[in-house]
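Below: the structure, in C-alpha cells.
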C-alpha cells in the first residue's frame, strides 16, 4: 500500500514488534528525515505517526500548518517565519522552501496551468540528476467518470490528461478495495498472489486478523511480493539495504496532503547522493466524501476542486524548481465509487442459515467462514442453501474456486471458502439492523465486481518519458508495475502483468518483448487408407452415409473439397490425396488467419483439418487443445479414421455423469445464436475454442499428471472451456481486409454439473445463457495461462499491440 507521505526508495520501515520507548528527543532539524531512528530513540520520519514512534515535538516542529501552504499578496516579501511550512520571503528561492505559488503570485511568472501543452522530446533535468525522478500520486476512490466534470472542476487534472498519456479508465483488481489495489499497483500482483486479499482478513496459519485500524497490519508477514520501492532501493545512491517502504505504508491523515506535497518537493532539493528517484503520495480524498455524499452528489465537486488545487501545487512546485520538464508523474486511482445505502442490504439471517456457526466479512464483497475450528461447517451446503432462494436475490453465492476466473480470487488461504458476489449498490450483513435508515451515514461504497463501470478509476501519465497527447486502451492496474520499473531502469520482479503490453504509454520503451518459442509442434498424420473404428454412436443415416472424413486441398487456382465416402474410402489412391503440408497450409489459411496456436509445454498432439473445422488434437487427454469451428456445423458423431480411439460412445454410457463432446464444439445456443449474431454485427468473425484444466484453481495450466488425478474412469474432465472470438475493429472491414486492430471477445465458461449459477437456467436458453457468458468474460492472456497456448502468432500487428490485445477484456458495461 502506498505511503500517505512517502519516499518509496529511501525509507526503511522496522517490523512492528520494534518498540520505541523514548519520546523525549526533538525533531528540530530532523523533520521527515529519510533515515529512521532505531528503537528506542524517537522518530521524525513520515511514518512515525503510523508506528506511534514520533518525538514529542513532531507536530510542532514538522506539521507547521499555521501559515497555510500558499502565498497570498500580503505574504509576498514577508519576514521569514520558521513556524510556517513554506515561505514567501525574498530568500525562499535561494533556500528552496518557497510556497509553490510564490513565482506566479509574487514574481509575476505564469503558473503551470496557464502554460500551453508542450511536447518534451527528452528529459531536461538539472545537473546531477541521473534519471528523471518518478512521482506517483494515488487518489483514493477516484471514479473515472469524475473526469467528465472537465476544466471547471478539475483544470489541472484536465491539462495533465490532455497533454500527457491517459486511458479512458483503468480497471482495479477484485475486490475493488484500497489496500488490495494499492499493493497491486506497487507489486504488479493479484491480491490472491500478494496476500492482501481485502481491507479486513483472517490468516488461519497466523491465527490473526488484519484490520484497517489494527496494529497487526504493520507486521511484515502479511505482505508478499516485491514492491517497486524494494527494486528501486538498488538504484538509489543513499540506499544501502532493503527499503520495503511499500510493505508498510498507511494513511497518516494527521499530515495534510499539502504538507506531503511540500515534503516531496523538499526531498527533490536534496544533494545528488541523498536524493531518491521514486516518490509516492496517497490522498484519502475523494474517497471519504464519496462514501458520505455518494458519487453523484454535486457537493462532491468541492472536494474534487480541493484535490485538483493540490495537484496544481505539485506542478507549480516542479515548475518553480525547473523540474517540470524533468520529472515523470503518474496519477492513478485505487478504485471507483458506487451509489450505496444501508437500505439496500441482504441479511443472511433471512436465508435460514445457522448464523451462529459462521463468520461473515460483510459489505460489498461478502466472505463466509466457520465460526471456529470446531464448528461443523460445510461450504458446499452453505452455497446450496444460499443459491436462488429469493425471487429478487442480490448476490450469487460461490465456492471460491467457482468464481469467474477473471476475478483471480481463489488461490489464497486468506480467502474464505464461500464468497458472495454482490449486485452493484448492494451490501450483505448477518442480521437485520435495528438502526433507522435515516442514520445510515453513507451514500457510496466500493468493493464490487471490478468490471462494473462505477468501479473504474483513472490513469494519467505526464512527463518526458510519456507520450504526448496520447490515449491508450483500457488496461488493468497489474500492468503499471512493469511501466514503473521501465521508468526507473529496473528489471521487474515476477508479477502478474504482461511486460510490454503498455509500451504505448512510453515515448521510448526500454523493453522490447519477444514472442515465446513453441515447445511442441504437431505430429503429422498421413491420411488413412480405410476406416477401422466404429465409435458405437448413432448418427442420422443420411449424414453417416454421406461422409466420414473431409479434407481440403488445392488444385490449380481454387480449393476443392473431397468427400471421402465410407464405402469408397479404401478405393481412393493414396497419391491422389494432397500431401500433408499442403493440407495443413490450406487449413491454416481458411481457419487460422492469425496463425496456429503454439503449444508452450511438452506434450503430443496432431493438427486435424476438415472443411468445417480445424483442431489441435491431444494424444494425452484425447481431446482437442483447441478447435476452430465453422459457425454452422453438423452435430453428427462419427469416427475420424486418423485417430486412435481410446474412448467410444460406449465409454461415456458407462459413466452417467459424463457425456461425449465433439472435436469442435457446436455449442448449442452459443454456436447457434450468439456467434451468428456476432458474425452479422462484426462483418465476420474467427472463433477458437478448447478445454481448460485448473483443478487447483491457481489460474495456471494443470500439469498432465495433475489432470490425470481428476478423471472419471478413463475420461479427463475439464474444469472450464474457453472461447476466443476475433473480428476487425473497423466494422466495415472483414477479417481478410482488416489492416488495423482487432476486436476480441473472450469467455472462460465453467464446466459444472448444473447451471444453478443462473437462477432461470430452466427457462429457454435465450433468457439466461448470454448473461452467463458476460459474467464469465475474460482476457485472452487468462486463457493462455490456463492452457499453455500462445495465440495470434501471425497477426498483422506489432507484437506489443498483440500483447495489449491479449490483456484487454470486454466488460459488456455501459460507457464509464
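Numbering (mature numbering (1 follows the signal peptide of the UniProt record, and there is no 0)), first residue to last: -21 to -1, 1 to 795.
Ideal placement from N, C-alpha and C gives every residue a C-beta, glycine not left out.
Keep in mind the model is a prediction, meaning the values are calculated, not measured.
| query | result |
| --- | --- |
| In the DSSP assignment, what residue or residues form a beta bridge with residue 584? | 597 |
| Residue 324 to residue 402, Cα distance in whole Å? | 10 Å |
| Determine the burial state of residue 791: buried for a count of at least 16 other Cβ atoms within 10 Å of its Cβ, exposed for fewer. | exposed |
| Between the Cα of residue 591 and the Cα atoms of 667, 661 and 573, which residue gives the shortest distance? | 667 |
| Which residues bound the alpha helix (DSSP H) around residue 269? | 266 to 272 |
| What whole-angstrom Cβ distance do residue 503 and residue 769 have, given they're in contact under 8 Å? | Their Cβ separation, rounded to whole angstroms, is 21 Å, which puts residue 503 and residue 769 out of contact at 8 Å. |
| Measuring CB to CB, does residue 150 end up less than 9 Å from residue 429? | yes |
| Does DSSP put residue 489 in a helix, a strand or coil? | coil |
| DSSP state of residue 119, grouped into three classes? | coil |
| Measure the C-alpha to C-alpha separation of residue 97 and residue 142 and round it to an integer number of angstroms. | 7 Å |
| What's the gap between the Cα of residue 61 and the Cα of residue 10? | 13 Å |
| For residue 444, which residues from the same chain have a beta carbon less than 8 Å from its beta carbon, with the 5 sequence-adjacent residues on both sides left out? | 102, 111, 307, 466, 485, 486 and 487 |
| What is the residue span of the alpha helix (DSSP H) that residue 294 lies within? | 279 to 299 |
| On a Cα-Cα basis, can you pick out the residue from 252, 321 and 18 that is closest to residue 418? | 321 |
| If we count Cβ pairs, one from each stretch, closer than 8 Å, do we get three or more for the segment 289 to 303 versus the segment 191 to 203? | no |
| Assuming residue 48 contacts residue 23 under a Cβ cut-off of 8 Å, what Cβ separation, rounded to an integer in Å, is found between them? | Their Cβ separation, rounded to whole angstroms, is 20 Å, which puts residue 48 and residue 23 out of contact at 8 Å. |
| How about residue 107 and residue 250: do their beta carbons lie closer than 9 Å? | yes |
| Excluding the 5 residues preceding and the 5 following residue 536 in the sequence, name in chain order all residues of the same chain whose CB lies nearer than 7 Å to its CB. | The pLDDT assigned to residue 536 is 29, lower than 50, so where the model puts this residue is not dependable; a value taken from the coordinates is nonetheless given after this. Closer than 7 Å at the Cβ level, and outside the excluded window around residue 536, lies no residue. |
| Quick one: what's got a C-beta closer than 8 Å to residue 457's C-beta in the same chain, skipping five residues either side? | 152, 163, 167, 168, 169, 474, 475 and 476 |
| How about residue 398 and residue 376: are their beta carbons less than 9 Å apart? | yes |
| Determine the closest residue to residue 326 out of 116, 682 and 408, with distance taken between C-alpha atoms. | 408 |
| Counting Cβ pairs, one atom from each stretch, are 3 or more of them under 8 Å apart for the segment 677 to 694 and the segment 705 to 723? | no |
| For residue 202, is the classification buried or exposed, using 16 other Cβ atoms within 10 angstroms of its Cβ as the cut-off for buried? | buried |
| Would you identify the three-state DSSP class for residue 729, choosing helix, strand or coil? | strand |
| Helix, strand or coil, according to DSSP, for residue 717 in the structure here? | coil |
| So, residue 491 versus residue 238, is the Cβ gap smaller than 9 Å? | no |
| Once DSSP output is grouped into helix, strand and coil, what is the label at residue 83? | helix |
| Let me know the secondary structure DSSP gives residue 27 once reduced to three states. | coil |
| Give every residue of the same chain whose Cβ lies closer than 7 Å to the Cβ of residue 431, excluding the five residues on either side of it in the sequence, and list them in chain order. | 403 and 792 |
| Taking its Cβ as the centre, do 16 or more other Cβ atoms sit within 10 Å of residue 352, making it buried, or is it exposed? | exposed |
| Where do the ends of the alpha helix (DSSP H) carrying residue 137 lie? | 134 to 142 |
| Report the option in 648, 585, 763 and 774 whose CA atom is closest to the CA atom of residue 573. | 774 |
| Excluding the 5 residues preceding and the 5 following residue 68 in the sequence, name in chain order all residues of the same chain whose CB lies nearer than 6 Å to its CB. | 57 and 59 |
| Below 8 Å, how does it come out for the segment 577 to 585 and the segment 598 to 605: are there three or more Cβ pairs, yes or no? | yes |
| Answer with yes or no whether the minimum CB distance from residue 135 to chain B is below 9 Å. | Judged by its chain identifiers, the structure shown contains no chain B, having just a single protein chain. |
| Can you tell me where the beta strand (DSSP E) with residue 375 in it begins and where it stops? | 374 to 378 |
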